[in-house]
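Residues in the sequence shown are numbered from 1 upward in steps of one, following the UniProt record's numbering.
Quick reminder that beta carbons are idealized off the backbone N, C-alpha and C, glycines included.
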Amino acid sequence: MISARTSRSAILDHSGQTRAMRWVMAVMLFLTVLAAALGLGTWSAAAGLDRQLAGRLTVQLIGPDAARADAVADALKGQANIRSVTVVPRAQLVELVRPWLGDAGLDADLPMPAMIDVTLADGSTATADAAAAAVARIAPAAHVDRAARWLAPVRSFIASLAWLAAGIVLLMALATSAIVLLAARAGLDTHRDTIDVLHMLGSTDVQVSRLFQRRIALDTLAGGALGTVAAMVAVLLIGRRIAAIDSVLVGGVTLVLRDWICLGLLPLVFAGLATVAARIGVLRTLRRQL
């Protein structure tokens with residue numbers, strides 16, 4: 001009489017096939033975690049960009065209107081739903097144009113536009129329009145720019161990267177299911193005679209499928225954990241490189257604790273997915289053979 005342990009060893013290959021399955025799952029999870037980290041990081045950057053730019057206005061006063069900067073600032077401070085109004089100092093503007101003008105920007109006779117940074121309390125279009133109208137009453141030639149408007153293409157591009165990463169994760173999950181199905185069917189073909197003996201001894205299709213799905217789940221979890229750890233180390237190293245870049249847009253691509261937890265749970269998710277795929281594939285194949 002064949003014991004449960006003996007039957008399990010006979011059906012499931014613990015040598016080359018098992019090792020290959022684990023390495024395949026390690027590679028799949030490595031790529032999946034990288035894609036998921038890209039999606040989470042870029043989505044965090046898009047959200048941070050929204051928080052920074054929502055309700056931000058820049059007022060530019062050129063020529064004679066530059067002398068009215070203080071009057072425009074006072075008018076804006078008297079408006080409702082305006083959180084802060086700051087006139088940018090000339091020294092700061094000189095530093096901004098220094099890469100192009102050099103020390104010529106230090107000349108007091110050089111005409112320099114006046115800039116006013118405005119932060120709205122609610123960021124609504126109505127509040128922005130009211131602020132622009134207040135500026136126009138004092139300086140009709142002034143330019144009022146909404147930061148969110150001219151950075152909208154950048155935000156859209158970052159969001160597109162996040163959705164692309166989500167699509168890659170979904171494709172990797174589908175590919176993993178396909179690999180599991182192929183591995184399960186290969187195992188059934190290899191051990192068909194042993195499975196027939198188990199059926200004659202009274203084993204049901206569900207009991208046979210449990211042997212396969214248990215082995216596949218363990219292989220997916222073991223290989224997936226290895227691939228996930230390797231990917232998280234790579235993401236950590238890349239994150240340090242990004243942190244060294246002094247850029248507002250690139251620096252926003254960061255992962256918080258919640259994101260790291262999500263990445264760490266991916267092997268469990270894929271192991272569950274592999275278990276379900278193996279059960280469905282094995283049961284369908286066994287029913288066709290009977």
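| Query | Result |
| --- | --- |
| Cβ neighbours of Arg5 in the same chain (closer than 6 Å, five flanking residues each side left out) | For Arg5, the predicted structure reports a pLDDT of 47, less than 50, and the residue's modelled location is therefore unreliable. A value from the coordinates is still provided. Here the set comprises nothing. |
| Local conformation of residue 320 per DSSP, three classes | No statement about residue 320 is possible, as the shown extent of the chain runs from 1 to 290 and does not include it. |
| Test item: CB-CB of Val169 and Ala35 under 8 Å | yes |
| Reduced DSSP secondary structure (H/G/I, E/B, other) of Ile179 | helix |
| Buried versus exposed, by CB contacts within 10 Å (16 or more), Arg146 | buried |
| Separation of Met28 from Ile216, as counted between CA atoms | 14 Å |
| Same chain only: Cβ atoms within 6 Å of residue 294, ignoring 5 sequence neighbours per side | A query on residue 294 cannot be resolved here, the shown segment of the chain reaching from 1 to 290 and no further. |
| Cα-Cα separation between Ala178 and Val59, rounded to whole angstroms | 57 Å |
| Short CB-CB distance (under 8 Å) between Ala75 and chain C | Among the chains of the structure shown, chain C does not appear; only one protein chain is present. |
| contact_flag[the stretch 56–73, the stretch 207–226] where n(CB pairs < 8 Å) is 3 or more | no |
| Three-way DSSP call (helix, strand, coil) for Ile82 in this model | strand |
| Arg56 - partner residues in DSSP beta bridges | Thr119 |
| Integer-rounded CB distance, given that Asp122 should sit under 8 Å from Asn81 | 5 Å |
| Host beta strand (DSSP E) of Val144 (start-end) | 143–146 |
| Segment contact, 8 Å Cβ cut-off, at least three pairs: the stretch 233–247 with the stretch 271–282 | no |
| Same chain only: Cβ atoms within 7 Å of Arg83, ignoring 5 sequence neighbours per side | Thr119, Leu120, Ala121 |
| Contact under 8 Å by Cβ, Ala46 with Arg155 | yes |
| Cα-Cα separation, Gly39 to Val229 | 18 Å |
| Enclosing alpha helix (DSSP H) for residue 297 [first to last residue] | Within the shown structure, residues of the chain are numbered from 1 to 290, placing residue 297 beyond reach of any answer. |
| Alpha-carbon spacing of residue 295 relative to Met172, whole angstroms | Here the chain comprises residues numbered 1 to 290, so residue 295 is not present and cannot be evaluated. |
| Three-way DSSP call (helix, strand, coil) for Val233 in this model | helix |
| C-alpha gap between Asp219 and Thr42, whole angstroms | 31 Å |
| Three-state secondary structure (DSSP) of Val88 | coil |
| Rounded separation between Leu268 and Gly223 - CA only | 11 Å |
| Proximity of Val181 and Gly281 at Cβ, strictly below 8 Å | What sits at residue 181 in the sequence shown is Leu, not Val. Yes, the pair counts as a contact, with Cβ atoms nearer than the cut-off. |
| For Leu255, the three-state DSSP class (helix, strand or coil) | coil |
| Burial state of Thr86 (16 or more Cβ within 10 Å) | exposed |
| CB of Asp65 within 8 Å of CB of Ala141, strictly | yes |
| Proximity to Thr254 [Cα-Cα], best of Ile158, Ala126, Thr127 | Ile158 |
| Residue range of the alpha helix (DSSP H) that includes Asp70 | 69–77 |
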